[in-house]
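First residue of the sequence shown? That's 170 in the working numbering, and the numbers climb one at a time after it.
All C-beta atoms, glycine included, are put in the ideal place defined by N, C-alpha and C.
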Amino acid sequence: MTFQEAFTDAVQRHGGDRAMADALWQEAMRHYQSRGRTYHTLAHLEQVYRVLIPVQDRIDDWDCVLFAILYHDYIYDVHRHDNEEKSADFARERLARLSFPPERIALCADMIVATKGHVAAEISDINYFTDADLCILGADGPAYSAYAVAVRQEYSIYPDVLYRPGRRKVLERFLKMDRLFKTAEFFERYEAQARINLARELGGGIVY
Numbered sequence: 170m171t172f173q174e175a176f177t178d179a180v181q182r183h184g185g186d187r188a189m190a191d192a193l194w195q196e197a198m199r200h201y202q203s204r205g206r207t208y209h210t211l212a213h214l215e216q217v218y219r220v221l222i223p224v225q226d227r228i229d230d231w232d233c234v235l236f237a238i239l240y241h242d243y244i245y246d247v248h249r250h251d252n253e254e255k256s257a258d259f260a261r262e263r264l265a266r267l268s269f270p271p272e273r274i275a276l277c278a279d280m281i282v283a284t285k286g287h288v289a290a291e292i293s294d295i296n297y298f299t300d301a302d303l304c305i306l307g308a309d310g311p312a313y314s315a316y317a318v319a320v321r322q323e324y325s326i327y328p329d330v331l332y333r334p335g336r337r338k339v340l341e342r343f344l345k346m347d348r349l350f351k352t353a354e355f356f357e358r359y360e361a362q363a364r365i366n367l368a369r370e371l372g373g374g375i376v377y
């Protein structure tokens with residue numbers, strides 16, 4: 170099942186029909202396919218979905234996760250510092266159109282906002298979601314390099330003299346974390362390689 174099919178099924182489980190699901194999907198795709206996006210695209214959403222499939226049985230609210238996947242990077246403006254909050258606001262508004270309980274909408278919004286800091290949460294579903302969002306950090310060397318280059322392209326409006334110090338802070342913050350990945354499954358699969366990748370980029374081993 171593709172991510173789009175899974176999203177469509179989730180919409181239909183909560184009072185929407187296929188036409189509504191298609192409209193919500195196409196609306197989101199206009200954002201994810203917008204000019205300037207080279208990493209935060211549909212491919213990223215599909216990757217997050219794909220790596221969560223093996224742990225689906227450990228997730229309590231799968232539909233909430235599906236909605237969070239679609240909307241977590243809905244707003245992505247390199248000039249802003251509140252993209253996650255704005256994306257969460259948009260998710261709240263769209264999910265309110267469904268028969269989706271307010272407390273589950275709130276959880277979805279919390280998942281989205283959690284991608285800002287990627288710190289451990291008390292709710293395991295949030296940890297699975299944020300771990301999946303970071304899985305690219307633990308990809309093989311070439312895939313990680315492609316990711317780093319793609320992110321640099323998204324920030325192409327900034328010269329290296331501004332971008333590199335900011336990127337360095339991000340890399341250092343990740344490396345200082347006790348654990349990048351909060352769940353056992355993602356920690357075992359991605360943690361070691363992620364630290365290798367981050368250290369390599371921090372050391373100048375990737376040419377943007």
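Distance between beta carbons of residue 281 and residue 241, contact taken as under 8 Å: About 5 Å separates the CB atoms of residue 241 and residue 281; that is less than 8 Å, so the two are in contact.
At least three beta-carbon pairs within less than 8 Å, the region 337 to 344 to the region 199 to 218: no
Every unbroken beta strand (DSSP E) within the region 321 to 347, with a cutoff of 3 residues, ordered by chain: Contiguous beta strand (DSSP E) elements confined to the region 321 to 347 do not occur, taking only those with 3 or more residues.
Where residue 274 falls, given that 16 or more other Cβ within 10 Å makes a residue buried: That one is buried.
C-alpha distance - residue 188 paired with residue 315, whole-angstrom precision: 36 Å
DSSP three-state assignment for residue 198, whether helix, strand or coil: helix
C-beta contact flag for residue 183 and residue 269 at 9 Å: yes
Under 9 Å between C-beta atoms of residue 179 and residue 236: Taking the C-beta atoms as reference points, residue 236 is found nearer than 9 Å to residue 179.
Among 202, 239 and 207, nearest to residue 175 - alpha-carbon criterion: Closest option to residue 175, Cα to Cα, is 239.
Residue of 191, 173, 223 and 171 minimising C-alpha distance to residue 298: 223
Residue 183 in three-state terms, based on DSSP: coil
Residue 326 classed as buried or exposed, judged by whether at least 16 other C-beta atoms fall within 10 angstroms: exposed
Contact check, residue 205 vs residue 234, beta carbons under 9 Å: no
Between the CA atoms of residue 305 and residue 207 - distance to the nearest angstrom: 14 Å
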